[in-house]
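Numbering (the numbering used here), first residue to last: 1 to 200.
In this text, a Cβ means the ideal position worked out from N, Cα and C, and glycines have one as well.
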Ligand code: SF4
């Protein structure tokens, strides 16, 4: 089966999924968006918020706009060159943290996406995806800005844009300041991988 067919099958399964209670309150499932062929880098957030639930698209609210700015203005990385998704495909009510039960229920879809995309790099945004993938109790402040090998993929944790919206300072050492450092580091790694060009 080719990747496009497999992806559409996955989309259909997610759209009709009722494996956890979030199906009762969602308006739309949010599988993600971006290139699925030759996808070098994936961004994983936590879960859809209100705007994402309304639109069925990932990172389209204020945090999503900030993510686009960080990628494109900070790193010179076109948002459209990355696949963007979340750990959960349905919105938790009031944007509360996902429960372990919900995350476990949704994990098969996350794993299927990563297996089909087989990216070189996964950028985890914030604590939830970082801790879930790396199975660590260490927080994002400790882990951000470093590449960690996980199942043959390089995981690169960064602060979640919604956290940056609550921490406006650009002072040296602030979360925003550190994020500008991180995005340049990510860009340098992507450039190195592009030069090696292991995919073509
Ligand atoms: S969050 Fe995931 S497991 Fe729960 S209903 Fe939505 S798609 Fe299914």
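Query                                                                                                                                             : Result
In or out: residue 127 buried (at least 16 other Cβ within 10 Å) or exposed?                                                                      : buried
If you run the structure through DSSP and keep just helix, strand and coil, what is residue 119?                                                  : coil
Using CA coordinates, which residue listed in 48, 75, 77 is at the minimum distance from residue 64?                                              : 48
Round the Cβ separation of residue 85 and residue 119 to the nearest angstrom and send it over; I've been treating them as touching at under 8 Å. : Their Cβ separation, rounded to whole angstroms, is 11 Å, which puts residue 85 and residue 119 out of contact at 8 Å.
What is the C-beta distance between residue 157 and residue 183, in whole angstroms, given that I count them as a contact (C-beta under 8 Å)?     : Actually they are not in contact, since the Cβ atoms of residue 157 and residue 183 sit about 13 Å apart, beyond 8 Å.
In terms of DSSP beta bridges, what is residue 149 paired with?                                                                                   : 154
Any residue with its C-beta under 7 Å from a non-hydrogen atom of ligand 1 counts. Can you list them all in chain order?                          : 14, 17, 18, 19, 20, 22, 23, 26, 29, 88, 89, 90, 102, 105, 106, 109
Need the endpoints of the alpha helix (DSSP H) that residue 4 sits in, please.                                                                    : 3 to 15
Quick one: what does DSSP say residue 41 is sitting in, helix, strand or coil?                                                                    : strand
Using the three-state DSSP reduction, which class does residue 130 fall into: helix, strand or coil?                                              : helix
How long is the line joining the alpha carbons of residue 19 and residue 83, rounded to whole angstroms?                                          : 24 Å
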